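Numbering-wise (our numbering), the sequence shown opens with residue 135 and increments by one. All C-beta atoms, glycine included, are put in the ideal place defined by N, C-alpha and C. What you are looking at is a predicted structure, and each value in this text was computed from that prediction instead of being measured. Have a look at the structure below, then the notes.
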Amino acid sequence: MSAVLKPVEARFEPLTERCLDTVLRVEQRAYAHPWLRANFTDSLQAGYQAQLLLADDTLLGYFVAMKGVDEVHLLNITVAPEYQRQGWAHVMLDALSIWARGQGADWLWLEVRLGNQRAIEVYQAQGYRRVGVRKNYYPAAQGQREDALVMSLRL
Numbered sequence: 135m136s137a138v139l140k141p142v143e144a145r146f147e148p149l150t151e152r153c154l155d156t157v158l159r160v161e162q163r164a165y166a167h168p169w170l171r172a173n174f175t176d177s178l179q180a181g182y183q184a185q186l187l188l189a190d191d192t193l194l195g196y197f198v199a200m201k202g203v204d205e206v207h208l209l210n211i212t213v214a215p216e217y218q219r220q221g222w223a224h225v226m227l228d229a230l231s232i233w234a235r236g237q238g239a240d241w242l243w244l245e246v247r248l249g250n251q252r253a254i255e256v257y258q259a260q261g262y263r264r265v266g267v268r269k270n271y272y273p274a275a276q277g278q279r280e281d282a283l284v285m286s287l288r289l
């Protein structure tokens, strides 16, 4: 069941090592195969764009993206399970697009589990197009692997 926030102003703040415990708790509730602390710390040390979406002191979600020469690659976007289906992923994707344009990027790229139809629909609603499949990209249950759908957005 989704939690509903009373009307409150949401804001972005940089994701830092200081808030990783909170981020990891959300990550572990959101995914069967969550990112590890090392994934986040490596991303922060590499200088990737990493933002929290907050309402008061409540973590609604976060994203991590890597800038390339003329593109940005979305590595992780997560909405806390209790705040899913409330439009927060769209808010974060809009913010990512604005940031990427400001960085001179022409494209946004991402991978999504082929079985994650809800996320695929969110990306398509934002204008992302299916461009290919990466075979056995994600870990899956019982040591199996799951394909990733590659999607892109022309900025």
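- For the set Gln258, Ala164 and Pro168, the Cα lying nearest the Cα of Pro273 is the one of Pro168.
- Collapsing the DSSP output to three states places Ala259 in a helix.
- For Gln185, the enclosing beta strand (DSSP E) begins and ends at Gln183 to Ala189.
- Taking the Cβ atoms as the reference, Leu208 lies roughly 5 Å from Ala199, within the contact range of under 8 Å.
- Nearest C-alpha to Ala184 among Thr175, Thr192 and Asp190: Thr175.
- Under the three-pair Cβ rule at 8 Å, the segment 248-259 counts as touching the segment 278-289.
- The alpha helix (DSSP H) runs lying completely inside the segment 146-209 and spanning 4 residues or more are 154-164 and 171-179, given in chain order.
- By alpha-carbon distance to Phe146, the top candidate from His224, Ala180 and Ala189 is Ala189.
- Exclusion of the five residues before and after Thr150 leaves no residue of its chain whose Cβ lies closer than 6 Å to its Cβ.
- Residue pairing for Gly266: DSSP places it in a beta bridge opposite Val284.
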